[in-house]
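Asker: Sending over a structure as structure tokens; questions will come in a sec.
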Amino acid sequence: MPVKKLKEFLDREGVKYVTIQHSRAYTAQEIAESAHIPGEAFAKTVIVNIDGKMAMAVLPASSYLELSRLRGPLAAGEVVLASEDEFGSRFPGCELGAMPPFGNLYDTPVYVDASFPRDGQIAFNAGSHSELIQLAYRDFERLVKPAVMSFAEPRAGAEAHR
-7 MPVKKLKEFL DREGVKYVTI QHSRAYTAQE IAESAHIPGE AFAKTVIVNI
43 DGKMAMAVLP ASSYLELSRL RGPLAAGEVV LASEDEFGSR FPGCELGAMP
93 PFGNLYDTPV YVDASFPRDG QIAFNAGSHS ELIQLAYRDF ERLVKPAVMS
143 FAEPRAGAEA HR
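Structure, rendered in structure tokens:
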């Protein structure tokens, strides 16, 4: 269901995209490798709780989320990872951890890391752990209208927040 809703939205907006089926994988880095997409072009969607309100933090699979770097620009008192119990029902039909970064379809604010190349492609889970969608970053930005800021750190021996 979620991939159908997303594809219908993209088709209605005249966006060119490709869908890629891949073997079941759960981490963003595994999915990127499986689909032969560079980690910096594969978006992982992390659900965060910002002062009691759910939001999506979208960052490259090759990076980890630095929660403190979201707090300052948002003038937030608290930014924490949301639990699956908190957000599971918010994304009907999506497998946990495979939500597409289209918060506009779920009435959820989206914050995207500034490291995504604006003239490149972005790929992301399409609601399942075995299908992804890839499209032009400019189309993603035009449709989602995310707030762009810097909150990701390149993975360099540090544990990534999943």
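For the sequence shown, the tail end lands on 154 under the working numbering, and the numbers increase by one without skipping.
Every residue gets a Cβ at the ideal spot worked out from N, C-alpha and C, and that includes glycine.
All values derive from a computational prediction rather than experimental measurement.
1. Are the CB atoms of residue 139 and residue 103 within a distance shorter than 9 Å?
2. Could you check if residue 88 is buried or exposed, using at least 16 other CB atoms within 10 Å of its CB as the buried criterion?
3. My parser needs the alpha helix (DSSP H) runs of 4 or more residues fully inside the region 47 to 85; what are they?
4. In the DSSP assignment, what residue or residues form a beta bridge with residue 115?
5. Give every residue of the same chain whose Cβ lies closer than 7 Å to the Cβ of residue 18, excluding the five residues on either side of it in the sequence, and list them in chain order.
6. Using CA coordinates, which residue listed in 13, 86, 4 is at the minimum distance from residue 126?
7. Tell me the DSSP secondary structure of residue 7 in three-state form.
8. What number of angstroms, rounded off, separates the C-alpha of residue 40 from the C-alpha of residue 71?
9. How is residue 39 classed by DSSP in three states: helix, strand or coil?
10. For residue 132, which residues from the same chain have a beta carbon less than 6 Å from its beta carbon, with the 5 sequence-adjacent residues on both sides left out?
11. Look at the alpha carbon of residue 4 and the alpha carbon of residue 11, and state the distance between them as a whole number of angstroms.
12. To which residues of the same chain is residue 130 closer than 8 Å at the C-beta, ignoring the five residues directly before and after it?
13. Taking residue 35 and residue 116 to be in contact with their CB atoms under 8 Å, please state how far apart those CB atoms are, rounded to whole angstroms.
14. What is the DSSP secondary structure of residue 146, reduced to helix, strand or coil?
15. Whose CA, out of 6, 27, 31, 92, lies closest to the CA of residue 47?
16. From residue 147 to residue 23, what does the alpha carbon distance come to, in whole angstroms?
Answerer: If we stick to the structure as given:
1. For the purposes of this step, residue 103 is taken as residue 111 along the sequence shown, with counting starting at 1. For the purposes of this step, residue 139 is taken as residue 147 along the sequence shown, with counting starting at 1. Yes, the Cβ-Cβ distance between residue 103 and residue 139 is below 9 Å.
2. Translated into positions along the sequence shown, residue 88 becomes position 96. When all chains shown are included, residue 88 counts as exposed.
3. 60 to 66, 76 to 79
4. Taking the first residue of the sequence shown as position 1, residue 115 is located at position 123. The partner list for residue 115 (beta bridge, DSSP) reads 34, 126.
5. As a first step, residue 18 is located in the sequence shown; it is residue number 26 there, counting from the start. Within the same chain, residue 18 has close Cβ partners 89, 121.
6. Here residue 126 refers to the residue found at position 134 when the sequence shown is read from its first residue. Closest option to residue 126, Cα to Cα, is 13.
7. Mapped onto the sequence shown, residue 7 falls at position 15. DSSP places residue 7 in coil when its eight states are reduced to three.
8. For this step, residue 40 is matched to residue 48 along the sequence shown. For this step, residue 71 is matched to residue 79 along the sequence shown. Looking at the two C-alpha atoms, the distance is approximately 7 Å.
9. If you number the sequence shown from 1, residue 39 lands on position 47. It is a strand residue.
10. In the sequence shown, the residue the question calls residue 132 occupies position 140. Correct list, in chain order: 114.
11. Looking up residue 4 in the sequence shown gives position 12. Looking up residue 11 in the sequence shown gives position 19. Each residue's Cα considered, the two are about 16 Å apart.
12. Counted from its first residue, the sequence shown places residue 130 at position 138. Excluding positions up to five away in sequence, the list reads 110, 111.
13. Counted from its first residue, the sequence shown places residue 35 at position 43. Counted from its first residue, the sequence shown places residue 116 at position 124. Indeed they touch by this definition, with Cβ atoms about 4 Å apart.
14. Numbered from its first residue, the sequence shown carries residue 146 at position 154. Correct three-state label for residue 146: strand.
15. What you label residue 47 is simply residue 55 of the sequence shown in a count that begins at 1. It is 92 whose Cα lies nearest to the Cα of residue 47.
16. What you label residue 147 is simply residue 155 of the sequence shown in a count that begins at 1. What you label residue 23 is simply residue 31 of the sequence shown in a count that begins at 1. One C-alpha to the other measures close to 16 Å.
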